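Novice:
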Amino acid sequence: MIKQLFTLVSLGAGAAILFTGCGKPEPAGGSAGGTAEKQLTVGVCFETLQTEFWVAALDAFKAELAKRNIKMIQAIADGDANRQIEQVKNFITRKVDGIVLVPKDAKACLPIVKAANAATIPIVLFNRPPEASGARSAAVVADNFALTQETVAYMIGEAQKTGQKHKAMIVIGDLGDINAIGRRDGFDAAVKEASATLEVVARVPSEWNQEKAQAGVVNALQANPDISFIFSSSDFLFPSIVSALKSAGKYKKRSEPGHVILGGFDGDATAYRMLVDGYLDATGVQDVYFEAAAAVQALLDMREGKPVSETIRDPGFVIHQANLKEKAPRMWGANVKK
Amino acid sequence: MKRSPAKPFLWVLNYASVVLFAVVLAVFGSLSPRFLQTGNLVNILVQSSSTAIVAVGMTFVLLTAGVDLSVGAIMFVAAAVAGKLVLGGASLPLALAVILLIGLAGGAINAVFIVRLRIMPFIVTLATLYLGRGLGLWITETRAMNLPGSFLQLGTDRLLGIPLPVLVFAAALFLGQVILSHTPLGRQIYAVGQDLEGARKAGVNPGRVLVLVYLISGLCAALGGILSLAQLGAVSPTFGSNKEFAAIAAAVLGGTSLFGGRGNVFPGAAIGAVLIQSVENGLVILNADPYLYPLITSGIIFLAVLTDSVRNALLAKLSRRKIRVEEAVSAG
Amino acid sequence: MAILKRLMLSEYLVLFLSVLYFVALAPFTPGFATFDNCGNLLATLLPLFVVAMGLTFVLITGGIDLSVTSIIALTSVAGAATLNSSTGWLAGSSLAIPVGIAVMLLIGGAVGLWNGLAIAKFRMPPFIVTLTTMMFVSGLAIWLTQSKNINHLPAAFNALGGKTWVAFFITAALAVVAHVMLSRSRWGRWLYAVGHNARASLISGVPVAGVTVSAYVASGVLAALASVIYTGQAETGSPVMGQRILLDIIGATVIGGTSLFGGKGKVLWTLFGVLFIKLMDNSLNLLDLSYFSIMMVKGGVILFAALMDSMRNQVLVAA
Amino acid sequence: MISFHDISKGFSGVPVLRRVSFAVAEGHTLGLVGENGAGKSTLMNILGGNLQPDGGSMLLAGQPYAPRHPTEAGRHGLAFIHQELNLFANLSIAENIFLTAFPRWGPFPFIDRTTLRVQTAGLLQQVGLDLPPETPVERLSAGERQLVEIAKALSQNARLIILDEPSTSLSARETVILFALIDRLRARGISMIYISHALDDVLRLCDDIVVLRDGERVGAGPRAQFTSERMISLMVGRSLNRLFPERASQPLHEPGRAELPLSPKIRAAQQRRPTHQRFMVPMRVAENVETTQEVLLEVSHLSQPGIIRDISLVLHRGEILGLSGLMGAGRSELARILFGLDPCARGEIRLKGSSISGRSPKWRIQRGLAFLTENRREEGLCMESAIADNIALVSLGQHTRPPLGFLDFPKLRQAVSNIRNAVRLTATVRDEQPVKTLSGGNQQKVVLAKWLLSQPEVLILDEPTRGVDVGAKYEVYQLINELAERGAGVLIISSELEELIGLCDRILVMGRGEIRDELNREEFNRERILRAALCDSVTP
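Chains as they are written, first to last, in my numbering: chain A, 453 to 790; chain B, 614 to 945; chain C, 2 to 320; chain D, 18 to 557.
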């Protein structure tokens, strides 16, 4: 009994330490020295941190806000729309001066935006546009659909150069995730035009899970050893795809014969490496830095009542062998500290 | 009881999971010739090896009427730390050793809370699931880590023409089954699962048994982690998530009871894991509509468990009659 | 020591812990103890409580229901598909909302019925049955909607969840009914009896199969009702609604003191459990912790609560 | 061998053992008797290291002995054979016997199956159990399991074996085997403590006898000094002049027994029969007292392949019908079929004229059928839940309040307290107390109370006095009598012949799932019954 009590107390202490230990957000997020006028606070609420892209984006915001000496507080909804509502309400409770929100999806965010409006706190939606509605907000978006379509179009161009017909595979993300769907649709749209050169023989659901992706690709290659065109809905799946290709002995540089045309989305470090090494043909890159800066700027403008356009488009860009040198600096994956 | 007329029929029921497995193979085989190619069958084994091994550990736990929800988290933490080490220039063997150690440590933590502090396994491992996931994300800074090729080597290397993962898979199964059916510990595990208090009265030390069981589970989780690392060559923030459910499903598919005391590693857990993987494999090979995957997989699992319980009901009936006959004999 | 003992034995232990937690953190947590925050807390607490109630019934019979989250998802999209004002089958009709909700409850009940029958009639293990149901139903929800969300829900419907006081009254009413059914009805007694000893109950004339099935149906229906609130709050029918809250639901119910082995549980306990979990969530992200530390603290606190509970039981045994 | 000196033990202040002292001589068998709750089990738990005494000491073979843990007791050569057997149904006989001492392959941690098999076979032969060692225990009858337990004790070459109620779950034949075995063991110089309510067995088997009452030693000495009468009077503290109340006679009245508040109807019935004023139990019909020709239960040509064959019987109002036979003769199976728990292929069951074949137990209960199973712990009670809840379970339906049909708690509470007085549940136990905290006798009374509350007309009682102490037994018998006298039909299954002979109007003898013989009260005769039961087995 006493022993138990002891353990209990020590455990409690442990929890407390955890609090204080984790209580301090990473230095980048911390306020960089107080200045004369009241320091602004911005709440950043991400839907998830499950892929490198989101981490990079969060870092981009940390950097951007630190640069402007704005305090940042963060919350991650871990993929739960209702929890996200709760978290933003918490921001409002804390009277932040602005909110950056990566909504779980384009529609579920409406009540959030309304709440922010009600509290007259400017809110910017990051990376995903809201549904048309009365709610006032600005949105910084890179269009999954358009950018994917562009990327795949480029890949198809590469494919046509080879002059023969290609069998294609797409690795689809989590069917419950709006991004995954946007990219899938982009792929389909692009492929539809090119039915002459391309036949889609495998659609592998990955649930954003590397193991499933890897197994899926291996199996697809088993079924169609002659697949020569693969699009991955996210760059973070490339390690799995590569290992699958390797085990099938199909992982070849562009220069080598039997090269499989590879394309992806996000533009992370892996993709960058693969581009440099000449394995990857193209990937659709979202310009995180542009997006972060634009979002923060929009917030400030809204505070000062300046007009801000409903949606700020991140053109994004397809990076490929041809434009690698020139585009690399703006590819977030090329700059991620490893 | 040897003379029971229903014997062949009973055999079919007894090996329901095996039969179902055969059916699945037959169906997919008939739909796509490629499915039954050795290459593909090997793929299935390789791909199911990780889950299967975790399921082996899970079977041990389930046999004691416990559950270990933390296996996925343990995999993640172990892989994350190992990844850091390797990227920090540590040697591969060291990394592997560390993974296994972390697995044991995870198991030990669960064991302490369950045995010493007498908290329900479900809650303890639920908590360690959260702790582990959080810890892992902390270590990886929620970034994906790409590991050097040496890991992938493990996944593709072959010994006597058999891929390493399959060998590890086989070894784990063999070991697990031997421990369960041919060592005192194994039989005591069954006893504890059947009736913990009774076991204590009978002089078994349930604490010791439980501790060992959770250690084994942790170790198997780590081993499973190594195998998936060997196939992925990377650690993503989702590494090992939902592994616990996959493992439990596999074990239960193999006829292991969640109430303890009944089940086995072979064919049980093995068949369970391989069956699920074959279904997903087959679906990809047939290029099925992605939306259908969960529907079909769950359908088949349900079917397997259904046959299993029908079988139990029938067995109960038959064995009741048998008892009567026996007693009539022994009374005569 | 004596006072500590009494506290530990009290069935309000979890409530005390929650209050303690609140008081302890209020000073350090900006905006924790404010009125609107308590509003938010309530808003997020209500639907979770509704699902957890259903789970409580099932746990009392000695089963478990992992399919509740998938029921939330399916009913969410089914309801939305019925009553949304753009593409809904009943778009604009005055019947839209009642029929839509009826559809949701019907589906929830149907899924529960499926679970119940599989478990009671075919003696299948609840865990695996509801696990497969979870996989199937959530897969179905996503398939039917082809991953798309459904919105343009009528304001009146959104109010059911969006307006916290409405949700509050719905939940309160449900809680009272559930409580009375458990403690004052014959059905309630049967539920506990089945959880304690199904064989003895059968021989004592308890319709064991019926009782079991009814528990799962109740769980399904309550999940559907929770879905009404969630959907209203999100103003959207989403095929992945509530996908990630399963562990929260089970955790809350069990922390409240409901036993996973059946025969033990109360609506009130579940309320405390839910309160505890939600307090934790809320405070943790007010504290601006990075989300992996949130996970870890959560784990720690769950262990802590469980430890309290097991100590309490040992005190009980000693006494 | 072992000696106890002033052993005292109390639970939360309530003394359970008061300075108990006695000794077991080397190679002797000591009979330990006493009512349930007299402290026998507590004493044995202390001996076995499950409990620590508050005061006093023990000497084992002259050495101070204070086990802290069951395993320690085992190491000292003590072996316990408990009332509820501690075997693992999912393991084989061999595995159960050697669970903690498997023979191994030399230094390796692997079980040496062949040695295991051989050794087990040897042990099974010693205890006279003719089954393959790898038979799963779930296939064994209660009696066979008992023998396995003893084999286990032998395997640990125990010097002191404690048998707690070993014969209760055994059929006549198995008892014979057991007793022979005990004699052999004693011949081998093994000391034993034999705890039982079957006093004749104690007299037959034991060299010395110790009687406990309320935690005190009230009698001790060599067998010669005892008769069952004396033991009973010592145990109960008052002398019962009869073991069995006479049928349909004026039951004796003891002071301090609870009076029941009676329904007007019953009261009216009483006015007519003043002799039955005492200890009434609520009954639907209280008119006809003598055994009548009115048939309550009629079973015709009931058959279930492999279970029972062509069973026909009638049970009249006010009759007590005994069902005798070996364990596994199909008695309990028949009962389960009658109650609708197991299927039956052919034949018909009629309750009060209307057929109830194929109906659910619930349906049968509502029409006045009640079934007290032989397996209290698994089928009779919810051990974890409160006494009151257990008692109320069957009759919740009769205690609801319109319009919503919610439970009427005051009414329910009243009914429960009436019934618990009627069955004379020990006054000190509280209604909220979980059943598992009760002694076997009180548990059985709770089961009875549960069924009496539903006011049945036909009761099927399967081993109603198993594991029940003498005093309680007597009260159970009286309850059964009253029920019959007040117009119920009782079908009672029992392995204790005396019980049936003392209680019944008629006895049916079953064997191999058939009815072998039928005896009316005047022709009751042990030999004939036994012969019918064991006609085709070795006669004792």
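Beta carbons are placed, not taken as given, at the ideal position from N, Cα and C, and that holds for glycine.
No experiment lies behind these values; they were computed from the predicted model shown.
Would residue 889/B and residue 862/B be called neighbours here (beta carbons separated by less than 8 Å)?
Specialist: yes
Novice: On the criterion of 16 or more Cβ atoms from any shown chain inside 10 Å, does residue 150/C qualify as buried, or is it exposed?
Specialist: So residue 150/C ends up on the buried side.
Novice: Check residue 137/C in the structure and name its three-state DSSP category.
Specialist: helix
Novice: Helix, strand or coil: how does DSSP classify residue 471/A here?
Specialist: Its pLDDT being 42, under 50, residue 471/A is placed unreliably in this model, and the coordinates cannot settle the point.
Novice: Mind checking who residue 22/D pairs with in its DSSP beta bridge?
Specialist: 74/D
Novice: Taking the alpha-carbon positions, what's the residue 580/A to residue 526/A distance?
Specialist: 18 Å
Novice: What is the rounded straight-line gap between the Cα of residue 569/A and the Cα of residue 575/A?
Specialist: CA-to-CA, the gap between residue 569/A and residue 575/A works out to about 8 Å.
Novice: According to the Cβ coordinates, are residue 922/B and residue 124/C closer than 8 Å?
Specialist: For residue 922/B and residue 124/C, yes; Cβs fall inside 8 Å.
Novice: Verify the CB distance criterion: does residue 124/C have a CB-CB separation below 8 Å to chain B?
Specialist: yes
Novice: Extract the residue ranges of the alpha helix (DSSP H) inside the region 501 to 548 of chain A, only unbroken runs of 4 or more that lie entirely within it.
Specialist: Complete alpha helix (DSSP H) runs here, min 4: 504 to 519, 533 to 545.
Novice: Would you call the CB atoms of residue 859/B and residue 719/B closer than 8 Å?
Specialist: 8 Å or more divides the Cβ of residue 859/B from the Cβ of residue 719/B.
Novice: Three Cβ pairs or more, each shorter than 8 Å: is that satisfied between the region 798 to 805 of chain B and the region 697 to 707 of chain B?
Specialist: no
Novice: Mind checking if residue 143/C is an interface residue toward chain A, Cβ cutoff 8 Å exclusive?
Specialist: yes
Novice: Can you have a look at residue 5/C and say buried or exposed, based on whether 16 or more other CB atoms are within 10 angstroms of its CB?
Specialist: It is exposed - the Cβ of residue 5/C has fewer than 16 other Cβ atoms within 10 Å.
Novice: Per DSSP, what kind of secondary structure is residue 629/A in: helix, strand or coil?
Specialist: coil
Novice: Within a Cβ cutoff of 8 Å, which residues of the same chain sit near residue 634/B, ignoring the five residues on either side of it in sequence?
Specialist: 884, 887, 888, 891
Novice: Measure from the C-beta of residue 857/B to each C-beta in chain A and report whether the shortest distance is under 8 Å.
Specialist: no
Novice: Have a look at 661/B, 676/B, 643/B and flag the residue whose alpha-carbon is nearest the alpha-carbon of residue 793/B.
Specialist: 676/B
Novice: Exposed or buried, which one is residue 90/D when buried takes at least 16 other CB atoms within 10 Å?
Specialist: buried
Novice: Closest Cβ-Cβ distance between residue 665/B and chain A: below 8 Å?
Specialist: Chain A has no Cβ within less than 8 Å of the Cβ of residue 665/B.
Novice: Mind listing the chain C neighbours of residue 918/B? Cutoff is C-beta to C-beta under 8 Å, in chain order.
Specialist: 125, 126, 129, 130, 133
Novice: With a threshold of 8 Å between beta-carbons, can residue 743/B be considered close to chain C, or not?
Specialist: yes
Novice: Just to confirm my understanding: we take residue 663/A, look at its own chain, exclude 5 residues before and 5 after, and list those with CB closer than 8 Å. What are they?
Specialist: 692
Novice: Between residue 267/C and chain B, is any beta-carbon pair separated by less than 8 Å?
Specialist: no
Novice: Identify the residues that DSSP records as bridge partners of residue 80/D: which are they?
Specialist: 77/D
Novice: Could one say the Cβ of residue 808/B lies closer than 8 Å to chain D's Cβ atoms, at least one of them?
Specialist: yes
Novice: Between the region 56 to 73 of chain C and the region 222 to 235 of chain C, are three or more C-beta pairs nearer than 8 Å?
Specialist: yes
Novice: Nearest to residue 719/A by CA position, among 785/A, 699/A, 683/A, is which residue?
Specialist: Nearest C-alpha to residue 719/A among 785/A, 699/A, 683/A: 785/A.
Novice: So the alpha helix (DSSP H) residue 22/C belongs to, where does it begin and stop?
Specialist: Under the DSSP assignment, residue 22/C falls in the alpha helix (DSSP H) whose first and last residues are 14 to 26.
Novice: Across the region 110 to 124 of chain C and the region 872 to 879 of chain B, are there enough close Cβ pairs to call them in contact, namely three or more that are closer than 8 Å?
Specialist: no
Novice: Around the C-beta of residue 266/D, are 16 or more other C-beta atoms found within 10 angstroms, so that it is buried, or is it exposed?
Specialist: Its pLDDT being 35, under 50, residue 266/D is placed unreliably by the model, and the measurement read from it follows with that caveat. Classification of residue 266/D: exposed, given that the 10 Å Cβ count is below 16.
Novice: At a CB-CB cut-off below 7 Å, which residues of chain D make contact with residue 203/C?
Specialist: Correct list: 378.
Novice: Between 79/C, 96/C, 239/C, which has its C-alpha nearest residue 534/A's C-alpha?
Specialist: For the residues 79/C, 96/C, 239/C, the minimum Cα distance to residue 534/A belongs to 239/C.
Novice: For the alpha helix (DSSP H) that residue 619/A lies in, which residues bound it at each end?
Specialist: Looking at the DSSP string, residue 619/A is not in any alpha helix (DSSP H); the run it does join, the beta strand (DSSP E), is 618 to 624.
Novice: Let me see if you follow: with CB-CB separation under 8 Å, is residue 801/B close to chain D or not?
Specialist: So yes, residue 801/B belongs to the interface.
Novice: Using a Cβ-Cβ cut-off of less than 8 Å, list which residues of the region 753 to 768 of chain B approach chain A; keep chain order.
Specialist: 754, 755, 756, 757, 759, 765, 768
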